[in-house]
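Structure first, commentary second.
In the UniProt record's numbering, the protein residues as written are 1 to 358.
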């Protein structure tokens with residue numbers, strides 16, 4: 001075991017609940033504190049967090065749900081990757097790379113749990129350790145579970161199946177599109193905002209077709225999106241990977257073929273609303289068309305299958321089936337609030353996975 005002296009850690013806190021709108025940088029604080037790493041108990045390790053994930057799914061947890069506003073101060077927890085700095089755990093050695101779901105603190109003493117912390121040694125290098133919060137972390141496992149497990153492309157279909165993916169240039173959508181096209185040979189349609197991101201979908205992520213949702217007429221987005229989908233899938237779409245909500249969902253449902261499937265991954269368009277509006281669905285029509293809508297969370301779905309995910313995704317990366325891994329880095333833990341805001345304000349800087357590099 002490597003013994004190190006008490007050290008300073010930096011942690012990301014949200015100061016209070018924020019019910020409406022995008023949280024401001026001032027709603028967060030970076031807190032320095034001391035961590036005693038000099039006397040580990042059996043089974044414990046010291047982990048050095050080198051990358052912190054920045055994800056939209058964290059936003060609903062910042063709302064009060066009726067609790068007093070000031071009761072919301074808390075340490076934010078999410079996906080991280082890094083190295084083991086010291087160990088009294090036989091399963092972990094100093095220098096091991098890991099991915100984990102942990103508090104956003106740069107240095108911490110923990111007792112590793114296989115459900116919350118997994119080994120990346122042998123799968124990543126110093127240069128690709130950020131993959132632990134990206135393609136080999138939550139976004140990758142979400143893409144894997146959504147397509148392979150929920151949507152389940154049909155190899156015996158009498159036609160080439162079509163999938164529509166919203167937020168297609170983001171952390172999940174960029175990987176999901178490559179899995180859909182290069183692993184399952186689907187006809188892929190992606191939606192993104194702006195000419196630059198639409199270009200990225202086709203040139204970097206290999207989408208067959210791309211739709212610029214920002215070009216749709218205000219007030220008529222649903223109908224215009226249906227028309228766009230009909231251009232690329234005249235008979236309708238077979239699958240929809242939902243990341244956005246709103247008119248994206250409505251248009252996808254309107255365009256869904258018989259036996260079509262929708263995987264509900266996220267609805268970022270309403271995360272900042274106090275009273276979000278949800279699209280209406282004609283459930284009666286789903287009976288006769290035998291369609292299916294299913295919500296999912298990646299890690300409960302993949303419980304017991306994490307090894308399969310890491311094995312398959314690593315192989316797809318080596319084989320070039322998942323070859324374009326875009327990352328947008330913000331530097332230093334102090335940048336986490338700015339990076340989080342960027343997910344919602346439509347910045348053109350972000351491409352693929354947004355990551356804070358410590």
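Glycine is no exception: its CB is placed at the ideal position from the N, C-alpha and C atoms.
If you follow the alpha helix (DSSP H) that residue 178 is in, where does it begin and where does it stop?
Segment 171-178, the alpha helix (DSSP H) holding residue 178.
Which of helix, strand or coil does DSSP assign to residue 354?
Here residue 354 sits in strand by DSSP.
Any contact of the stretch 25-33 with the stretch 124-136, i.e. 3+ C-beta pairs under 8 Å?
No contact exists between the stretch 25-33 and the stretch 124-136.
Please state whether DSSP places residue 397 in a helix, a strand or coil.
The shown model of the chain, from 1 to 358, leaves out residue 397, and the question about it has no answer.
Return the chain-ordered ranges of every beta strand (DSSP E) run that is complete within the stretch 123-196 and spans a minimum of 3 residues.
Taking only runs of at least 3 residues, the beta strand (DSSP E) segments lying wholly in the stretch 123-196 are 162-165 and 187-192.
Report the residue from 252, 350 and 222 whose alpha carbon sits nearest the alpha carbon of residue 235.
Among 252, 350 and 222, the Cα nearest to that of residue 235 is on 252.
Return the CA-CA distance between residue 141 and residue 35, expressed in angstroms with no decimal places.
Approximately 32 Å between the Cα atoms of the pair.
Please report the distance separating the alpha-carbon of residue 162 from that of residue 8.
Taking the straight line joining both Cα atoms gives about 51 Å.
Could you give the first and the last residue of the continuous alpha helix (DSSP H) run that contains residue 283?
Looking at the DSSP string, the run of the alpha helix (DSSP H) that includes residue 283 is 283-289.
Kindly list the residues whose CB is nearer than 6 Å to the CB of residue 330, restricted to its own chain and excluding five residues on each side of it in sequence; keep chain order.
Cβ neighbours of residue 330 beyond the five flanking positions: 339 and 356.
Tell me, please, whether the stretch 141-158 touches the stretch 221-233 by the rule of three or more beta-carbon pairs shorter than 8 Å.
No, because fewer than three Cβ pairs between the stretch 141-158 and the stretch 221-233 fall closer than 8 Å, the two stretches do not touch.
Could you give the distance in angstroms between the alpha-carbon of residue 241 and the alpha-carbon of residue 108?
Answer to the nearest angstrom: the Cα atoms are 36 Å apart.
Suppose the cutoff is 6 Å on Cβ atoms and the five residues either side in sequence are ignored; what does the same chain contact list for residue 103 look like?
Around residue 103: 75 and 77.
On the CB-based measure, 16 or more other CB atoms within 10 Å of its CB, does residue 261 come out buried or exposed?
Flag for residue 261 reads buried.
What did DSSP end up calling residue 292 once you bin it into helix, strand or coil?
Strand, per DSSP.
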